[in-house]
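Numbering follows the working numbering, with no gaps: position 82 of the sequence shown is 98. In this text, a Cβ means the ideal position worked out from N, Cα and C, and glycines have one as well. From a predicted model like this one, the values you see are computed outputs, not experimental measurements. This report concerns only the one structure given below.
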Amino acid sequence: MSPRRSPSVMRIGTAAAKHFAECGYHGASLNEIATTVGIKKASLYAHFKSKDELFMMVFDDALADEMAFVTRCFATAGEAGAHYCSQMKPRYAESVSLRFLLQTAYLPPAHLRQRIIRGYRDYLQHLQNLFTNQLQQQPGLHELTAEQQAHFSQAYLGIVDGLHVELIYTDELSDDDHFDKRRTALWTLLRQSLALAAEE
17 MSPRRSPSVM RIGTAAAKHF AECGYHGASL NEIATTVGIK KASLYAHFKS KDELFMMVFD
77 DALADEMAFV TRCFATAGEA GAHYCSQMKP RYAESVSLRF LLQTAYLPPA HLRQRIIRGY
137 RDYLQHLQNL FTNQLQQQPG LHELTAEQQA HFSQAYLGIV DGLHVELIYT DELSDDDHFD
197 KRRTALWTLL RQSLALAAEE
């Protein structure tokens with residue numbers, strides 16, 4: 017969160033992120049968030065004009081946190097995009113930001129939908145740009161045409177999107193193997209396709 021924020025706003029934001037991630041926008045209670053922080057509900061309005069303002073602050077923070085995490089993942093050497101996919105599951109388990117981001121992106125409150133979708137698309141575009149840049153640095157793949165790079169970057173986003181959905185359902189069903197099997201199968205197909213493209 018921004019260092020310019022007061023300690024109270026930071027505490028409220030942390031509590032709200034967890035509560036929104038667990039309950040969603042409509043199920044979240046400002047009173048419960050205030051109680052978690054140790055203040056009265058009325059005191060929240062000294063910092064936030066509305067539930068929407070608090071929710072969107074948490075959303076913007078989650079976007080920033082997860083974009084930073086993605087950037088760190090892509091700074092690791094290896095197959096293009098592989099490290100992020102390998103870290104996605106543990107990240108989801110430990111990061112309230114990612115859980116909140118995915119739940120909100122897939123089930124946004126209707127009146128905030130456009131703002132949320134714009135932010136989530138920025139996140140996906142960031143992922144796509146990082147993947148394309150890393151792909152261009154891979155041995156044997158730097159001669160891919162711009163069209164091929166675009167196709168593979170879209171395929172990568174398809175994998176990420178599918179795995180994000182699996183994270184949500186795996187968490188609910190406690191099926192640890194299903195996510196790993198899906199990730200392995202999808203990654204094998206991408207790797208094989210890239211190998212074929214490199215031979216052309």
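Answer yes or no: does any C-beta atom of chain D fall closer than 7 Å to that of residue i?
| i | result |
| --- | --- |
| alanine 84 | Absent here is chain D; the protein component of the structure consists of one chain. |
Between residue i and residue j, is the Cβ-Cβ spacing less than 7 Å?
| i | j | result |
| --- | --- | --- |
| arginine 27 | valine 53 | yes |
| proline 125 | tyrosine 61 | no |
| glutamine 164 | alanine 96 | no |
| histidine 142 | methionine 104 | no |
| leucine 46 | lysine 67 | yes |
| glutamine 15 | histidine 158 | Look at the range of the chain in this structure, 17 to 216, and you will see that residue 15 is not part of it. |
| leucine 173 | leucine 202 | no |
Helix, strand or coil for residue i? Go by DSSP, reduced to three states.
| i | result |
| --- | --- |
| leucine 210 | helix |
| phenylalanine 64 | coil |
| glycine 29 | helix |
| lysine 57 | helix |
| threonine 92 | coil |
| alanine 44 | coil |
| serine 22 | coil |
| glutamate 38 | helix |
| glutamate 215 | helix |
| leucine 205 | helix |
By Cβ distance below 8 Å, which residues in the same chain neighbour residue i in space, the five residues on each side in sequence not counted?
| i | result |
| --- | --- |
| tyrosine 108 | Leu114, Arg115, Leu118, Leu183 and Asp187 |
| phenylalanine 2 | In the structure as shown, the chain begins at 17 and stops at 216. Residue 2 is therefore absent and cannot be evaluated. |
| alanine 171 | Leu206 and Ser209 |
Just to confirm my understanding: we take residue i, look at its own chain, exclude 5 residues before and 5 after, and list those with CB closer than 6 Å. What are they?
| i | result |
| --- | --- |
| serine 169 | Gln144, Phe147 and Thr148 |
| arginine 198 | Glu182 |
| alanine 44 | His35 and Phe36 |
| glutamine 154 | Ala96 |
Tell me which same chain residues have a C-beta within less than 7 Å of the C-beta of residue i, skipping the five on either side of it?
| i | result |
| --- | --- |
| isoleucine 132 | Phe75, Thr120, Ala121 and Pro124 |
| glutamate 69 | none |
| histidine 63 | Ser24, Val25 and Ile28 |
Quick test of your reading: residue i and residue j, contact by CB under 8 Å. State the CB separation rounded to the nearest angstrom.
| i | j | result |
| --- | --- | --- |
| alanine 33 | valine 112 | 5 Å |
### Message
Suppose only complete runs of 4+ residues qualify. What are the alpha helix (DSSP H) ranges in the segment 111–189, listed by chain order?
### Response
112–122, 129–152 and 162–189
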